[in-house]
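First residue of the sequence shown: 175, per the numbering used here; consecutive thereafter. The beta-carbon is built from N, C-alpha and C at its ideal position, and this holds for glycine as well. Data block below; observations after.
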Amino acid sequence: MKFLITGGAGFIGSNCVSELLKMGHSIRVIDNLSSGKHDNIKNFLNDIEFIQSGVENYDVTRSAVEGMDYIIHLAAIPSVQYSILDPIKSNDSMVNTTLTLFKAAKDYGLIKGIVQATTAAAYGNNTSLPKKEDMIPEPLSPYAVAKLCQEYYAKVFSKIYGLKITSLRLFNVYGPNQDPTSSYSGVISIFLSRILSGLQPIIYGDGCNTRDFIYVGDVVKALYTTCLKSKGSGDVFNIGTGNQTSLNEIVELINKINGSDLKPIYLEARAGDILHSVSDISKAKTQLEFLSDICIEQGMRVLINFLGEE
175 MKFLITGGAG FIGSNCVSEL LKMGHSIRVI DNLSSGKHDN IKNFLNDIEF
225 IQSGVENYDV TRSAVEGMDY IIHLAAIPSV QYSILDPIKS NDSMVNTTLT
275 LFKAAKDYGL IKGIVQATTA AAYGNNTSLP KKEDMIPEPL SPYAVAKLCQ
325 EYYAKVFSKI YGLKITSLRL FNVYGPNQDP TSSYSGVISI FLSRILSGLQ
375 PIIYGDGCNT RDFIYVGDVV KALYTTCLKS KGSGDVFNIG TGNQTSLNEI
425 VELINKINGS DLKPIYLEAR AGDILHSVSD ISKAKTQLEF LSDICIEQGM
475 RVLINFLGEE
């Protein structure tokens, strides 16, 4: 099959490229490298078609969708804090690119399905746990608002134009190719980078806030499975593990694996940060037959080994 991956040079995108190539699929990547990295895909450049461009360029994107079977839409600046600092650019990287992509796919007319990554940040600080897809969204950041807008565009384009689009609300993804030096990076990669360098990790707040951490390989599996199994009616699915881990527990686990004992530095909590988050994955399990395979300790060991080999 032929896949277009937007944001394919990014953290999740590059892992997706790697796995789909192993399966024997044809891959085309479009990425402007604003948050993605050329190094993430340099080993695949002889095996893929790479278009260095932003998805918001309609003519380029219309050409990029030509001949494709499926689209995996990952292009974004994936950062809550960045969206607070520059909400306009953040919005452009998600809402404008998504609208352009959907229009290009509609005009082409032969795409079998689109799967896009959205975010569990849509739930905000709704105190009900676990988070279920039918909860009323309570976004706390421009990033969460923009990702919700992507979901609404998916529903509209599915209903009006017949595009088969599915949105996956990703919980906290971690794994290889997540750049710990980037302001867009996830907390696990940042903690690991500091601890492996002999530095104390920094926690904003008291560290009791919890997240549902999911290994990137499981996310890639979810993206691929959704292409094949989803009805593509604009529906939304949670993609997580169904387990929650506190930031303090993450630091303890890294220290355990690394044989270190570096205590966190606690700073004031940041605006837009969510207190507690864990997914209800029953819908994805039932309709997509998806379950995560990698537990947090196993995934952490893989990531530490990866970082040690770099």
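Residues bridged to residue i [DSSP beta-bridge criterion]
i    : result
F331 : According to DSSP, which records beta bridges pairwise, F331 is partnered with nothing at all.
G198 : None, per the DSSP bridge assignment.
Y317 : Beta-bridge pairing links Y317 to no other residue.
R368 : In the DSSP output, where bridge partners are listed per residue, R368 has none listed.
R146 : The displayed coordinates of the chain run from 175 to 484. Any statement about residue 146 would go beyond what the structure contains.
F387 : N346
Y326 : For Y326, which the question treats as bridged, DSSP gives no partner whatsoever.
I377 : Y440
Segment limits, alpha helix (DSSP H) that includes residue i
i    : result
Q490 : This structure gives no information on residue 490, because the portion of the chain shown stretches from 175 to 484.
D205 : That residue, D205, is in no alpha helix (DSSP H); it is neither H nor E in DSSP.
H394 : In the sequence on display, residue 394 carries Val and not His. Start and end: V390 to K403.
N217 : Segment: none, N217 is in no alpha helix (DSSP H) and carries neither H nor E.
Alpha-carbon to alpha-carbon, residue j and residue i
i    : j    : result
G372 : Y389 : 24 Å
S209 : T301 : 32 Å
C190 : L477 : 16 Å
D281 : A328 : 15 Å
V288 : E423 : The amino acid occupying residue 288 in the given sequence is Ile; Val does not appear at that position. One C-alpha to the other measures close to 36 Å.
E325 : G416 : 22 Å
N346 : L273 : 25 Å
E442 : P375 : 14 Å
G336 : L275 : 15 Å
A458 : Q472 : 22 Å
S267 : L303 : 30 Å
R236 : R475 : 41 Å
I141 : T180 : A query on residue 141 cannot be resolved here, the shown segment of the chain reaching from 175 to 484 and no further.
L481 : P350 : 8 Å
N479 : K333 : 45 Å
I413 : I455 : 7 Å
K216 : L427 : 32 Å
G408 : G433 : 46 Å
G381 : Y440 : 8 Å
S466 : A294 : 16 Å
L207 : G184 : 8 Å
I262 : L284 : 32 Å
M242 : A278 : 12 Å
G406 : A249 : 19 Å
A238 : I204 : 7 Å
G228 : G187 : 15 Å
Beta-carbon contacts of residue i that lie in its chain and below 6 Å, excluding the five residues immediately before and after
i    : result
R202 : L178 and E223
L314 : G298 and G446
P354 : S363, I364 and S367
C323 : V269
T399 : L462 and F464
S200 : K176
V254 : S315, Y317 and G446
E230 : N270, T271 and T274
T292 : K321, Q324, E325, S341 and R343
Own chain partners of residue i with C-beta closer than 7 Å, once the 5 adjacent residues on each side are dropped
i    : result
E193 : V394
S264 : I251, Y256, S257, P316, Y317 and A320
T419 : T384, R385, F387 and I470
Contacting residues, own chain, Cβ-Cβ under 8 Å from residue i (five flanking each side not counted)
i    : result
N429 : I369, D435 and L436
K403 : Q461, L462 and E463
L195 : I201, F218, D221 and I222
I431 : E471, M474, R475 and I478
I310 : N300
Range of the contiguous beta strand (DSSP E) that encloses residue i
i    : result
E223 : E223 to I225
L465 : Element bounds for L465: n/a, residue is neither H nor E.
D409 : S407 to I413
S341 : I339 to L344
L178 : K176 to T180
Closer than 7 Å: residue i CB and nearest the ligand MG heavy atom
i    : result
K459 : The ligand MG is not among the ligands present in this structure, which contains no ligands whatsoever.
Short CB-CB distance (under 8 Å) between residue i and chain B
i    : result
D308 : Going by chain labels, chain B is absent from the structure shown, which holds only one protein chain.
Q | Within the segment 231-314, ranges of the beta strand (DSSP E) (whole runs, at least 3 residues) | A | 244-247 and 287-293
Q | beta strand (DSSP E) segments (min. 3 residues) lying fully within the segment 418-459 | A | 439-441
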